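Take a look at the structure below.
Residue numbers (the numbering used here): 313 to 731.
The following block contains the structure:
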């Protein structure tokens, strides 16, 4: 991991040149997760498959002889609605690589899976990672609702998109989940894995797999008749990349027919090589350059044809790559990670990256301190963000009470005082 690195480049917004600093966030390591629910061998329970992937670039590697080693602790804790622990596992994990370039890769991962068999009900899954060398940690809390398992009808598990599928000692197909659910770079095939449970009177089940674009148009459709097995039928269907262009798609499985028909769906992405992990929509990624691109530069890129537009986008970031000798572009990945964080945390009636809080977060990163005042008597809700490194604070006021926090003073007026 690049610890404490400050990435600097010139940016212009509203024709005002500014120097923007990008450093890694204090709550790293960041990680990806997926928690599909499948059948449990324990009757009446459901199995939670808790997949976690950590990019090597989020870990701190130290030299160990002729190799590099990273060590981290993964905590997976399951809580009931009262906050009491139902189950949990804590593990210490190590990753070893031979070359330095791998230590800063955003495309290579340390992957784990933790399994719990649980009764129907509501839970909260708490995932946390602590890097042993940097002592930095990341945490995510995921609410879960585990439904009752059907005993007589037809049911389909959650859909798992896997990088590969292997067989266990009994010959049962076991998925190695993609977690990020995307075709990354030159990857040609993902594997769709799911289970079908059927009542005693059902011998075969018709299954249809469809792929939709964002407008709802059907791009692919495949039908098959699946023979029912006991205790459940495992289905593995290759999903070739084929002619799918970069972007977001929806995958849908339809099992059964008539009133007993069951549908499951999930989204996935196709990435162009050189695109950040956080986005697969080129047009949106270009729009999101507005905080750092020069006036007219976004319009110029958007006027180009698809292949030319992608080339121009890559060139834009190549010029700003602080370490062009490595496979990744740290400043691009950090920029779009902040865009993603803003969308997840600051969105209201508009996307979070377009909000005032999103703008400040994308440009300056996480504040050292956030002082929230949501219910103060005689005052509108407001927040105060403090940035110690530039000795400035920003006040956001929610004038409408709808969560739309606006800057109390123009961003550039405040930031110009730093110069």
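Ideal Cβ positions, reconstructed from N, Cα and C, are used throughout, including at glycine.
Every value quoted in this text rests on a predicted model; they were computed, and no experiment measured them.
Item                                                                                                                            : Value
Limits of the unbroken alpha helix (DSSP H) element including residue 439                                                       : No alpha helix (DSSP H) contains residue 439, which is instead part of the beta strand (DSSP E) from 433-443.
Residues of its chain near residue 466, where Cβ-Cβ distance is below 6 Å and the 5 sequence neighbours each way are ignored    : 510, 568, 572, 574
Secondary structure, alpha helix (DSSP H): runs of 4+ residues fully inside the segment 614-684                                 : 618-630, 642-658, 668-676
DSSP state of residue 382 mapped onto helix, strand, coil                                                                       : strand
Beta strand (DSSP E) segment containing residue 425, residue limits                                                             : 421-430
Alpha-carbon spacing of residue 458 relative to residue 389, whole angstroms                                                    : 16 Å
Backbone CA spacing between residue 710 and residue 667 [nearest angstrom]                                                      : 12 Å
Under 8 Å between C-beta atoms of residue 576 and residue 524                                                                   : no
Cut-off 8 Å between Cβ atoms - residues of its own chain near residue 636, not counting five sequence neighbours on either side : 630
Where residue 702 sits in the DSSP three-state scheme                                                                           : helix
Residues that DSSP places opposite residue 589 in a beta bridge                                                                 : Beta-bridge pairing links residue 589 to no other residue.
Residues near residue 597 in its chain [Cβ-Cβ closer than 8 Å; skip 5 each side]                                                : 587, 588, 591, 625, 648
Coarse secondary structure for residue 450, derived from DSSP in three states                                                   : strand
Bridge partners - residue 509, DSSP secondary structure assignment                                                              : 467
Collapsed DSSP secondary structure at residue 535 in the structure displayed                                                    : strand
Closest residue to residue 348 among 399, 706, 395, 473 (Cα-Cα distance)                                                        : 473
Exposure label - residue 478; buried when at least 16 CB within 10 Å                                                            : exposed
Integer-rounded CB distance, given that residue 422 should sit under 8 Å from residue 407                                       : 5 Å
Start-end ranges of the alpha helix (DSSP H) lying completely within the segment 340-422, minimum 4 residues                    : 412-415
Contact between the segment 500-508 and the segment 528-547 (3+ Cβ pairs under 8 Å)                                             : yes
Touch test, the segment 522-540 against the segment 480-498, Cβ-Cβ under 8 Å, three pairs minimum                               : no
Three-state secondary structure assigned by DSSP to residue 721                                                                 : coil
Residues near residue 492 in its chain [Cβ-Cβ closer than 6 Å; skip 5 each side]                                                : 344
Beta-carbon proximity check, residue 471 vs residue 565, cutoff 8 Å                                                             : yes
Three-state class that DSSP yields for residue 612 in the structure shown                                                       : helix
Interface flag, residue 503 vs chain B, CB-CB below 8 Å                                                                         : Chain labels in this structure do not include chain B; a single protein chain is all it has.
Reduced DSSP secondary structure (H/G/I, E/B, other) of residue 494                                                             : strand
Pick from 688, 352, 369 that is closest to residue 641, judged by C-alpha positions                                             : 369
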